[in-house]
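Asks: Once you've had a glance at the structure underneath, I'll fire off some questions.
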């Protein structure tokens, strides 16, 4: 009896295992079938890519031939027209022109026909790129996690650095959107024209196919996307994400930010309604519930709050500048170091400021808006500021340099020096990152600290026409007037030129600071420069008489509160109303001279 019971249990165990094996086998068969379908799909996509490749080759060859033909026709027309250049007799010129006109007219007609064909090719060019994107092979992509690349919209279509890779989509399909055709440029015929791809609305995947699991971007209590309901839909949860520009939208109303982004030039000024934003940038969030959505958004709010106004140097510095005339202001938010070269109207590499001097006013060019903003380089020591607001920025800078300095600095013998390739005449000398404070507006407490590459800094010239594109020039003027009133009201204001008011050290390690002020509305004279001792980590600098902003500590101070490079040298600021706008005819000049700042 016991043997029979044991045998039955064994049989039940075997049957159960067989059932599990069959179920597992069915799962494997389904997975194999799925992989086979995917392989077939990939093979089909590869075939389509080969077909598209041949189209591109034909397109490129045709375009190149048209450009060559147009160039040859231009040369033939030029040779025919050269015959009239030396004729001063109008009647003779007219006679020659009549005789040559039958020869020139066919050339011009051929040229116009070639140009029309070239324009037709360029109009169809974005469609080829879109066809490539639409038939692109789907590969698993990294998901929006906290790894530090990409843009986040915090409102007003402004970007700030986070690390957000595009969300994984399910069977992403492309829907055709008619490209917006830009008018041809008749001025440039021999050059390859810029592709209209950036100005053309992209093909977008169907809204129903764009999905992402909440566990992909909400991990370890951190998130970079705001989850929301849309259009009265009480069933689904959504995020918005621009895959093309790697931008998330973290405002309380992310659809509004996404709509502004679509309405920008990046997407060809598309409609900015919530429906359009959701249709083009919306992703349905899977496995989400009200509790998870609330936790996600609270984590995002905490992250944004902790980021604060002083972002670390590794985050980008992005600026959006209003175009409102002379009273335009600049509003800055953090975005990552931009390593790509600055886009300007001309090459200004020779004007790069390799060693900005604290106290001088410089022009920082911001590539995203093609405009500039005035800035003040930060002194490298807390004691060297002489200003409560700037001291707070410098204290933050000191802490940041201790934790994670930019790549252009390296620690040597207890102080920072320029890293390899960033020294004078180094291959990356123009990529040096300098800490500055951007004069955003009249509220000095809201000035923003930023890292600006040397190649994006310029000295302020009084007749520089680019100053008309500087948004914060009025705020700078008001700040300079405030400085002037403050200095005129100080005891040193009554001293004549060459007199000095000394502020001696207190004996507790504070540096000796000497201040000299010279004000002359008609003939300003800069104060005499003191001797600047100390060896610069980049000794061969072309900065005139001002000396270096970095120098060797004089002796090594093991108890120093800062590990940022010590500073020794004078700083002089000379600014005029002309140099920041030119609207005020009464020229006011003043120079402020701060003596030696020692650690």
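Numbering (UniProt numbering), first residue to last: 1 to 599.
Glycine is no exception: its CB is placed at the ideal position from the N, C-alpha and C atoms.
1) Going by DSSP, which residues form a beta bridge with residue 433?
2) Report all residues from its chain with a CB closer than 8 angstroms to the CB of residue 419; omit the five preceding and five following residues, and keep chain order.
3) Would you please state the rounded distance, in angstroms, between the beta carbons of residue 73 and residue 107? I believe it to be under 8 angstroms.
4) Among all the DSSP beta bridges, which residues are the ones paired with residue 448?
5) Would residue 355 be called buried (16 or more neighbouring beta carbons within 10 Å of its own) or exposed?
6) Report yes if the C-beta distance between residue 121 and residue 49 is below 8 angstroms; otherwise report no.
7) Should residue 285 be listed as close to the ligand NAD, given that the test is whether its C-beta is under 7 angstroms from any heavy atom?
8) If we count the other Cβ atoms within 10 Å of its Cβ and call it buried at 16 or more, is residue 357 buried or exposed?
9) Would you mind giving the Cβ-Cβ distance between residue 67 and residue 118, rounded to the nearest angstrom? I have them listed as a contact below 8 angstroms.
10) What did DSSP end up calling residue 250 once you bin it into helix, strand or coil?
11) Would you kindly work out how many angstroms separate the C-alpha atoms of residue 425 and residue 434, rounded to a whole number?
12) Pick helix, strand or coil for residue 378, following the three-state DSSP scheme.
13) Pick helix, strand or coil for residue 460, following the three-state DSSP scheme.
14) Would you report the Cα separation of residue 14 and residue 20, rounded to the nearest angstrom?
15) If you reduce the DSSP assignment to three classes, tell me which class residue 259 lands in.
16) Between the Cα of residue 65 and the Cα atoms of 211, 304 and 111, which residue gives the shortest distance?
17) Answer yes or no: do residue 375 and residue 436 have a C-beta to C-beta separation smaller than 8 angstroms?
18) According to DSSP, is residue 412 helix, strand or coil?
19) When the Cα atoms are used, what is the spatial distance from residue 218 to residue 241?
20) How many angstroms separate the CA atom of residue 305 from the CA atom of residue 269?
21) Report buried or exposed for residue 8, applying the criterion of at least 16 other Cβ atoms within 10 angstroms of its Cβ.
22) Taking the alpha carbon of residue 231 as the reference point, which residue from 215, 225, 276 and 244 has its own alpha carbon closest?
23) Near residue 404, which residues of its chain fall below 6 angstroms by C-beta distance, leaving aside the five closest residues on each side in sequence?
24) Just the Cα atoms here: how many angstroms apart are residue 289 and residue 421?
25) Give me the Cα-Cα distance between residue 237 and residue 213, rounded to the nearest whole angstrom.
26) List the DSSP bridge partners of residue 603.
27) Helix, strand or coil: which one does DSSP assign to residue 358?
28) Indicate whether residue 223 and residue 287 have their beta-carbon atoms separated by less than 8 angstroms.
29) State the Cα-Cα distance for the pair residue 103 and residue 69, rounded to the nearest angstrom.
30) Which residue from 377, 365, 33 and 229 puts its Cα closest to that of residue 285?
31) Can you give me the C-alpha to C-alpha distance between residue 247 and residue 272, rounded to a whole angstrom?
32) Helix, strand or coil, according to DSSP, for residue 279 in the structure here?
33) Could you check if residue 415 is buried or exposed, using at least 16 other CB atoms within 10 Å of its CB as the buried criterion?
34) Can you tell which of 256, 258 and 378 has its C-alpha closest to the C-alpha of residue 398?
35) Excluding the 5 residues flanking residue 299 on each side, which residues of the same chain have their C-beta closer than 8 angstroms to its C-beta?
36) Excluding sequence positions up to five away, which residues of its chain have a Cβ less than 6 angstroms from the Cβ of residue 278?
Replies: So, from the data block:
1) As a working mapping, residue 433 is identified with position 433 in the chain shown. Its beta-bridge partners are 453.
2) One-based indexing of the chain shown puts residue 419 at position 419. For residue 419, where only same-chain residues beyond five positions count, the Cβ hits under 8 angstroms are 407, 408, 409 and 410.
3) Working through the chain shown from its first residue, we reach residue 73 at position 73. Working through the chain shown from its first residue, we reach residue 107 at position 107. Separation of the CB atoms of residue 73 and residue 107 is rounded to 6 angstroms, and the pair is thereby assigned contact status at 8 angstroms.
4) Mapped onto the chain shown, residue 448 falls at position 448. Residue 448 has 438 as its beta-bridge partners, per DSSP.
5) One-based indexing of the chain shown puts residue 355 at position 355. Residue burial annotation: residue 355 is buried, with at least 16 other C-beta atoms found within 10 angstroms of its C-beta.
6) To locate residue 121, count along the chain shown from 1; it is residue 121. To locate residue 49, count along the chain shown from 1; it is residue 49. Going by C-beta atoms, residue 121 is not nearer than 8 angstroms to residue 49.
7) The model depicted lacks the ligand NAD and carries no ligand whatsoever.
8) Indexing the chain shown from 1 puts residue 357 at position 357. By the 10 Å Cβ count, residue 357 comes out buried.
9) Residue numbering aside, residue 67 sits at position 67 when the chain shown is read from its first letter. Residue numbering aside, residue 118 sits at position 118 when the chain shown is read from its first letter. Under the criterion of beta carbons closer than 8 angstroms, residue 67 and residue 118 qualify as touching, at roughly 7 angstroms.
10) Taking the first residue of the chain shown as 1, we reach residue 250 at position 250. Coil.
11) As a first step, residue 425 must be located in the chain shown, where it is residue number 425. As a first step, residue 434 must be located in the chain shown, where it is residue number 434. The straight-line gap from Cα to Cα measures roughly 17 angstroms.
12) Here residue 378 is taken as the residue at index 378 of the chain shown, counted from 1. Note: residue 378 maps to coil in three-state DSSP.
13) In the chain shown, residue 460 corresponds to position 460, counting from 1. It is coil, neither helix nor strand.
14) The residue given as residue 14 occupies position 14 in the chain shown. The residue given as residue 20 occupies position 20 in the chain shown. Residue 20 has its alpha-carbon roughly 10 angstroms from the corresponding atom of residue 14.
15) The sequence position of residue 259 within the chain shown is 259, counting from 1. Helix, per DSSP.
16) The count along the chain shown starts at 1 and reaches residue 65 at position 65. Closest by alpha carbon: 111.
17) Indexing the chain shown from 1 puts residue 375 at position 375. Indexing the chain shown from 1 puts residue 436 at position 436. Here residue 375 is near residue 436, since their CB atoms are less than 8 angstroms apart.
18) Walking along the chain shown from the start, residue 412 turns up at place 412. In the three-state scheme derived from DSSP, where H, G and I count as helix and E and B as strand, residue 412 is classed as strand.
19) Counting from one through the chain shown, the residue named residue 218 turns up at place 218. Counting from one through the chain shown, the residue named residue 241 turns up at place 241. In a straight line, the C-alpha of residue 218 is about 15 angstroms away from that of residue 241.
20) For the purposes of this step, residue 305 is identified with residue 305 of the chain shown, where counting begins at 1. For the purposes of this step, residue 269 is identified with residue 269 of the chain shown, where counting begins at 1. Spanning the two alpha carbons is a distance of roughly 31 angstroms.
21) Stepping through the chain shown from its first residue, residue 8 is reached at position 8. Label assigned to residue 8: exposed.
22) To locate residue 231, count along the chain shown from 1; it is residue 231. Checking every option, the nearest Cα to that of residue 231 belongs to 276.
23) Indexing the chain shown from 1 puts residue 404 at position 404. Contacts found: none.
24) Working through the chain shown from its first residue, we reach residue 289 at position 289. Working through the chain shown from its first residue, we reach residue 421 at position 421. About 52 angstroms.
25) Counted from its first residue, the chain shown places residue 237 at position 237. Counted from its first residue, the chain shown places residue 213 at position 213. So the alpha carbons of these two residues sit roughly 11 angstroms apart.
26) Residue 603 lies beyond the stretch modelled for the chain, which goes from 1 to 599, so this question has no answer here.
27) Counting from one through the chain shown, the residue named residue 358 turns up at place 358. In the structure shown, residue 358 falls within a strand segment according to DSSP collapsed to helix, strand and coil.
28) Reading the chain shown from its first residue, position 223 is the one you call residue 223. Reading the chain shown from its first residue, position 287 is the one you call residue 287. Against a cut-off of 8 angstroms, the Cβ pair of residue 287 and residue 223 comes out as no contact.
29) On the chain shown, residue 103 is found 103 positions in, with the first residue counted as 1. On the chain shown, residue 69 is found 69 positions in, with the first residue counted as 1. For residue 103 and residue 69, the distance between alpha carbons rounds to 17 angstroms.
30) For the purposes of this step, residue 285 is identified with residue 285 of the chain shown, where counting begins at 1. The candidate whose alpha carbon is nearest that of residue 285 is 229.
31) Residue numbering aside, residue 247 sits at position 247 when the chain shown is read from its first letter. Residue numbering aside, residue 272 sits at position 272 when the chain shown is read from its first letter. Residue 247 and residue 272: Cα-Cα distance of roughly 16 angstroms.
32) Here residue 279 refers to the residue found at position 279 when the chain shown is read from its first residue. Residue state, collapsed to three classes: helix.
33) Working through the chain shown from its first residue, we reach residue 415 at position 415. Burial is judged here by how many other beta carbons sit within 10 angstroms of a residue's own beta carbon; residue 415 has at least 16 and is buried.
34) Locating residue 398 in the chain shown gives position 398, where the first residue counts as 1. For the residues 256, 258 and 378, the minimum Cα distance to residue 398 belongs to 378.
35) Numbered from 1 along the chain shown, position 299 holds the residue referred to as residue 299. If we look at residue 299 and ignore the five residues flanking it on each side, its Cβ neighbours are 218, 221, 222 and 223.
36) The count along the chain shown starts at 1 and reaches residue 278 at position 278. For residue 278, where only same-chain residues beyond five positions count, the Cβ hits under 6 angstroms are 230.
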